[in-house]
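Student: Sharing a structure here in structure tokens format.
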Amino acid sequence: SQQGEEDPQALSIQEGENATMNCSYKTSINNLQWYRQNSGRGLVHLILIRSNEREKHSGRLRVTLDTSKKSSSLLITASRAADTASYFCATDGNQFYFGTGTSLTVIP
Amino acid sequence: EAGVAQSPRYKIIEKRQSVAFWCNPISGHATLYWYQQILGQGPKLLIQFQNNGVVDDSQLPKDRFSAERLKGVDSTLKIQPAKLEDSAVYLCASSVNNYEQYFGPGTRLTVT
């Protein structure tokens, strides 16, 4: 079974709005990564947060990590139509696991 | 820099047949991964190589799947014999530091 579970499974927002997706995992980790997948560019790495970090920013992305709750969130601010994709969290503990993904649709 | 190359991009076979996928990672990337992604799910790690040694193959169905990475560069993943449930996209990825992974375009396998 997969380690990570994303929530919600699907999200639809208007362009310019913020999108938040969450990831929960089961075991201790070394780091957590977020990836984006769309038909055009395949799977692309977005950001990595280490287990001793609580928050990280990269451009319009903000990631938080709460190891006590075994959860992470990805916030995309000022969304664009090009952000339409599936987003996966991936955990690196004893093994490398991808979550189930959140499908984000940004409506122009 | 050139990305991760995979071939073929598409493959259709009948159940019980054999199939092989090829991956050429980014030059200098010591770690290579093979994933299986079934439609609507996240990628599942099948096997991870560090140079030409296996780091993790705990989720590889070893009765039918095999993989090798000769000389620590290219890799092949083989399925023999294929089952209907093997229909999926097979993704290859590589990384230089076991952190950020760079993915290839994948091979879409259909087993009929």
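Protein sequence lines, in the order shown, are assigned to chains A and B. To convert, take the position in the first sequence, counting from 1, and add 18; that gives my numbering. To convert, take the position in the second sequence, counting from 1, and add 818; that gives my numbering. Where a beta carbon is used, it is the ideal one built from N, C-alpha and C, also for glycine.
Which of the three DSSP states, helix, strand or coil, is assigned to residue 101/A?
Tutor: In this structure, residue 101/A counts as helix in the three-state DSSP scheme.
Student: Would you check if the segment 832 to 848 of chain B and the segment 68 to 82 of chain A touch, i.e. whether three or more CB-CB distances between them fall below 8 Å?
Tutor: Verdict: no, contact absent.
Student: Which term fits residue 24/A, buried or exposed, when burial requires 16 or more other beta carbons within 10 angstroms of its beta carbon?
Tutor: Buried, since its Cβ has 16 or more Cβ neighbours within 10 Å.
Student: Using DSSP with H/G/I as helix, E/B as strand and the rest coil, what is residue 903/B?
Tutor: It is helical.
Student: Helix, strand or coil, according to DSSP, for residue 92/A in the structure here?
Tutor: In this structure, residue 92/A counts as strand in the three-state DSSP scheme.
Student: Of all Cβ atoms in chain A, is any one closer than 8 Å to the Cβ of residue 864/B?
Tutor: No, residue 864/B lies away from the interface with chain A (no Cβ there is under 8 Å from its Cβ).
Student: Between the Cα of residue 131/A and the Cα atoms of 53/A, 78/A, 106/A and 42/A, which residue gives the shortest distance?
Tutor: Lying before the first or after the last residue shown, residue 131/A is absent from chain A, which here runs from 19 to 126.
Student: Across which residues does DSSP place residue 929/B in a beta bridge pair?
Tutor: 831/B.
Student: By how many angstroms is the C-alpha of residue 106/A removed from the C-alpha of residue 59/A?
Tutor: About 15 Å.
Student: Determine the contact status of residue 114/A and residue 860/B, defining contact as a CB-CB distance below 8 Å.
Tutor: No. Outside cutoff.
Student: In terms of residues, what are the limits of the beta strand (DSSP E) holding residue 85/A?
Tutor: It is not in any beta strand (DSSP E) - residue 85/A carries neither H nor E in the DSSP assignment.
Student: What are the boundary residues of the beta strand (DSSP E) that residue 37/A is part of?
Tutor: That run of the beta strand (DSSP E) goes 37 to 42.
Student: If you drop the 5 nearest sequence neighbours on each side, which residues of the same chain put their C-beta closer than 7 Å to that of residue 43/A?
Tutor: Closer than 7 Å at the Cβ level, and outside the excluded window around residue 43/A, lie 21, 22, 88 and 109.
Student: Under a Cβ-count criterion, where at least 16 other Cβ atoms within 10 Å of its own Cβ denotes burial, should residue 856/B be classed as buried or exposed?
Tutor: Exposed, since its Cβ has fewer than 16 Cβ neighbours within 10 Å.
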